[in-house]
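S.K.: Protein chains in written order, with my numbering: chain G, 109 to 447; chain H, 5 to 85. Could you have a look at this structure, given as structure tokens, before my questions?
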């Protein structure tokens, strides 16, 4: 398989926080980017700094897919065959590509032929015309988290969203971490807390139906946990107490995210049934409490006046954001009907 | 002595797992059901909510249990002490 970067691996022993599983600390997306950064020679601390990003629960302030050390450039189509040649050209030239496949067409997937879900990412690292080689956190560890997939019409169609990885070394570390990570994170969390309470109350009162619960797990495990976890590493030299509070909140987020993931397995076939998710709703309290601690401890340690005062977007903002994520990741209209 | 009600509840929850197609019994091996640590998070959350149980970190380690009965016993212990 030509032009494969052999140093690209998913290695739990080197990865940040990968203890019980790949979703400890980072998301499947960030595991892919982490592998790219390790292959470029970055150390663990450098990777943590580069991948860090302030936590924006509202989704209105941080530019999507931007990090302290770089960004991802996305190519999105409804059907992967629209840009398949671009994708394989990049892989064959040695550029790894983060791929978010449409699981309806993804071979062997539990939703293959059933649902157009787009919530998992792999790192495409090799292509020879007949096979695509990917690193996949869901692949068996005994296979080195690698899969070699036959290139079929379905596989090509599945490749509807992909991203290239663009990072530079993070310079001026201390000021950057304070000004672009700690200050905005804590400022934004403090004004977004009401929207977490609103979400929690509405979930308690009305339940959470399947696609909404799936979108919420994407937000929790894709953004909230990773931001807090990476900040807990990056900010440790700057202020251990703030870093520790971030780490505790990351654990609360992981527990809620994994509980949501688990509940999908027990939710049956009716996507409108909201009752299974009631069991894990109380975990929202731990996340909210731990985020309140992040704000309280940070203001005590760094000074109340250090923080900016952004405008809140109203308490329903998170609910509507998760609804939009549901439409982007779990709507059957994301791909055209099979012909 | 294990509370049969807890065992029945554990079996009932496991029976709703999407990949579980066989009949779940008290001596069914956890490994035969294909459960992982993520399943445990959900299962224990169910009892945290319904029975006000408080679980310890080691309760979330799948290696602690061989059979469904082991799991029910641990849950029973956390509920009734």
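Glycine included, each C-beta is placed from N, C-alpha and C at the ideal position.
Less than 8 Å between C-beta atoms, sequence neighbours within five positions excluded: which residues of the same chain meet that for residue 364 (chain G)?
M.R.: Numbered from its first residue, the first chain carries residue 364 (chain G) at position 256. So the list reads 328, 388, 391, 392, 394 and 395, once near-sequence residues are dropped.
S.K.: Does any residue of chain C bring its CB to less than 8 Å from the CB of residue 41 (chain H)?
M.R.: Absent from the structure: chain C. Protein chains present are G and H.
S.K.: Does the Cβ of residue 54 (chain G) have 16 or more other Cβ atoms within 10 Å, making it buried, or fewer, making it exposed?
M.R.: Residue 54 (chain G) cannot be examined here, being either before or after the span of chain G that is shown, 109 to 447.
S.K.: Taking Cβ positions, are residue 45 (chain H) and residue 72 (chain H) nearer each other than 8 Å?
M.R.: Position 41 of the second chain, counted from the start, is the residue given in the question as residue 45 (chain H). Position 68 of the second chain, counted from the start, is the residue given in the question as residue 72 (chain H). It is not a contact, given that the beta carbons lie outside the stated cut-off.
S.K.: Unbroken beta strand (DSSP E) runs of length 3 or more, entirely within the segment 258-313 of chain G: which are they?
M.R.: Listed in chain order, they are 269-275.
S.K.: Looking at chain H, is there any beta carbon in it that lies within less than 8 Å of the beta carbon of residue 111 (chain G)?
M.R.: Your numbering for residue 111 (chain G) matches position 3 in the first chain. Low per-residue confidence applies at residue 111 (chain G): pLDDT is 45, beneath 50, and the placement is therefore not dependable, though the value from the model is reported in the following sentence. No, residue 111 (chain G) does not count as interfacial toward chain H.
S.K.: Going along the segment 365-397 of chain G in order, which residues come within less than 7 Å of chain H, judged by CB to CB distance?
M.R.: Those residues of the segment 365-397 of chain G that come within reach of chain H (Cβ to Cβ, closer than 7 Å) are 366, 367, 369, 370, 371, 373, 374, 376, 387, 388, 390 and 391.
S.K.: So which residues on chain G does residue 22 (chain H) lean against when the C-beta distance must stay under 9 Å?
M.R.: As a first step, residue 22 (chain H) must be located in the second chain, where it is residue number 18. In chain order: 218, 372, 373, 374, 375, 376 and 377.
S.K.: Going straight from the alpha carbon of residue 292 (chain G) to that of residue 32 (chain H), what length do you get?
M.R.: Taking the first chain and counting its residues from 1, the one referred to as residue 292 (chain G) is at position 184. Taking the second chain and counting its residues from 1, the one referred to as residue 32 (chain H) is at position 28. Their Cα atoms are separated by approximately 51 Å.
S.K.: Can you tell me whether residue 48 (chain H) is buried or exposed? The criterion is at least 16 other CB atoms within 10 Å of its CB, across all chains shown.
M.R.: For this step, residue 48 (chain H) is matched to residue 44 along the second chain. Burial call: buried.
S.K.: Could you name each continuous alpha helix (DSSP H) segment of 4 residues or more that falls completely within the segment 114-183 of chain G, going from the start of the chain to the end?
M.R.: Within the segment 114-183 of chain G, the complete alpha helix (DSSP H) runs of at least 4 residues are 136-147 and 152-159.
S.K.: Would you check if there are 3 or more beta carbon pairs closer than 8 Å linking the segment 208-215 of chain G to the segment 223-235 of chain G?
M.R.: Contact holds: three or more Cβ-Cβ distances are below 8 Å.
S.K.: How about the segment 177-185 of chain G and the segment 151-162 of chain G: do they share at least three Cβ pairs that are nearer than 8 Å?
M.R.: Counting Cβ pairs under 8 Å, three or more are found: they touch.
S.K.: Check each candidate in G:309, G:410 and G:319 and name the one with the smallest Cα separation from residue 348 (chain G).
M.R.: Counting from one through the first chain, the residue named residue 348 (chain G) turns up at place 240. If we check each option's Cα against that of residue 348 (chain G), G:410 comes out closest.
S.K.: So, helix, strand or coil for residue 27 (chain H), using DSSP?
M.R.: Here residue 27 (chain H) refers to the residue found at position 23 when the second chain is read from its first residue. Three-state result, residue 27 (chain H): coil.
S.K.: Hey, does residue 202 (chain G) have any beta-carbon neighbour from chain H nearer than 8 Å?
M.R.: Locating residue 202 (chain G) in the first chain gives position 94, where the first residue counts as 1. Judged by the 8 Å Cβ criterion, residue 202 (chain G) is not in contact with chain H.
S.K.: According to DSSP, residue 392 (chain G) sits in a beta bridge with which residue or residues?
M.R.: For the purposes of this step, residue 392 (chain G) is taken as the residue at position 284 of the first chain. Answer is none; residue 392 (chain G) lacks a bridge partner.
S.K.: By the three-class DSSP mapping on this structure, what secondary structure does residue 444 (chain G) have?
M.R.: One-based indexing of the first chain puts residue 444 (chain G) at position 336. Because residue 444 (chain G) carries a pLDDT of 42, less than 50, the predicted location of this residue cannot be relied on, and no value is offered for it.
S.K.: Pick helix, strand or coil for residue 380 (chain G), following the three-state DSSP scheme.
M.R.: One-based indexing of the first chain puts residue 380 (chain G) at position 272. In this structure, residue 380 (chain G) counts as coil in the three-state DSSP scheme.
S.K.: Should residue 111 (chain G) be labelled buried (16 or more other beta-carbon atoms within 10 Å of its own) or exposed?
M.R.: Here residue 111 (chain G) corresponds to residue number 3 of the first chain, with the count starting at 1. Confidence at residue 111 (chain G) is low in this model, with a pLDDT of 45, below 50, so its placement is unreliable and no value can be given for it.
S.K.: Along the chain, where does the beta strand (DSSP E) that runs through residue 233 (chain G) open and close?
M.R.: The sequence position of residue 233 (chain G) within the first chain is 125, counting from 1. Looking at the DSSP string, the run of the beta strand (DSSP E) that includes residue 233 (chain G) is 230-235.
S.K.: Which residues mark the beginning and the end of the beta strand (DSSP E) in which residue 70 (chain H) is found?
M.R.: What you label residue 70 (chain H) is simply residue 66 of the second chain in a count that begins at 1. First-last for residue 70 (chain H): undefined, no H or E at that position.
S.K.: Pairing CB atoms from the segment 253-273 of chain G with CB atoms from the segment 305-319 of chain G, are three or more of them under 8 Å?
M.R.: These segments do not touch.
S.K.: Under 7 Å Cβ-Cβ, which residues of chain H neighbour residue 86 (chain G)?
M.R.: No answer is possible for residue 86 (chain G): it lies beyond the span of chain G, which begins at 109 and ends at 447.
S.K.: State the Cα-Cα distance for the pair residue 143 (chain G) and residue 153 (chain G), rounded to the nearest angstrom.
M.R.: Along the first chain, one-based indexing puts residue 143 (chain G) at 35. Along the first chain, one-based indexing puts residue 153 (chain G) at 45. Computed Cα separation, rounded: 14 Å.
S.K.: Kindly list, in the order they appear in chain G, the residues whose Cβ is closer than 8 Å to that of residue 17 (chain H).
M.R.: For this step, residue 17 (chain H) is matched to residue 13 along the second chain. Within chain G, the residues near residue 17 (chain H) are 374.
S.K.: In or out: residue 266 (chain G) buried (at least 16 other Cβ within 10 Å) or exposed?
M.R.: As a first step, residue 266 (chain G) must be located in the first chain, where it is residue number 158. Burial call: buried.
S.K.: Only counting the same chain, and skipping five residues up and downstream in sequence, which positions put a Cβ closer than 6 Å to that of residue 185 (chain G)?
M.R.: Looking up residue 185 (chain G) in the first chain gives position 77. Answer for residue 185 (chain G): 191 and 268, listed in chain order.
S.K.: With a CB to CB cut of under 7 Å and the five nearest residues on each side skipped, what residues in its chain are close to residue 386 (chain G)?
M.R.: Translated into the one-based positions of the first chain, residue 386 (chain G) becomes position 278. Excluding residues within five positions, the ones whose Cβ falls inside 7 Å are 315.
S.K.: Using a beta-carbon distance below 8 Å, is residue 407 (chain G) in contact with chain H?
M.R.: For this step, residue 407 (chain G) is matched to residue 299 along the first chain. Answer no: the Cβ-Cβ gap between residue 407 (chain G) and chain H never drops below 8 Å.
S.K.: Is the separation between the beta-carbon of residue 75 (chain H) and that of residue 42 (chain H) shorter than 8 Å?
M.R.: Counting from 1 along the second chain, the entry for residue 75 (chain H) is found at position 71. Counting from 1 along the second chain, the entry for residue 42 (chain H) is found at position 38. No; because the gap between Cβ atoms is not below 8 Å, this pair is not in contact.
S.K.: Could you check the C-alpha separation between residue 446 (chain G) and residue 272 (chain G) for me, to the nearest Å?
M.R.: In the first chain, residue 446 (chain G) corresponds to position 338, counting from 1. In the first chain, residue 272 (chain G) corresponds to position 164, counting from 1. Below a pLDDT of 50, predicted positions are generally treated as unreliable, and residue 446 (chain G), at 41, falls in that range; the measurement from the model is reported next regardless. Roughly 28 Å between the two C-alpha positions.
S.K.: Which residues in chain H sit within 8 Å of residue 363 (chain G), going by Cβ to Cβ distance?
M.R.: Working through the first chain from its first residue, we reach residue 363 (chain G) at position 255. The answer, in chain order, is 45.
S.K.: Can you find a CB in chain G that lies within less than 8 Å of the CB of residue 67 (chain H)?
M.R.: Start at 1 with the first residue of the second chain, and residue 67 (chain H) comes out as number 63. No, residue 67 (chain H) does not count as interfacial toward chain G.
S.K.: Is residue 355 (chain G) buried or exposed, if buried means 16 or more other CB atoms sit within 10 Å of its CB?
M.R.: For the purposes of this step, residue 355 (chain G) is identified with residue 247 of the first chain, where counting begins at 1. The residue in question, residue 355 (chain G), is buried, as its Cβ has 16 or more Cβ neighbours within 10 Å.
S.K.: Taking the straight line between their C-alpha atoms, what separation do you get for residue 299 (chain G) and residue 418 (chain G)?
M.R.: On the first chain, residue 299 (chain G) is found 191 positions in, with the first residue counted as 1. On the first chain, residue 418 (chain G) is found 310 positions in, with the first residue counted as 1. C-alpha separation (whole angstroms): 7 Å.
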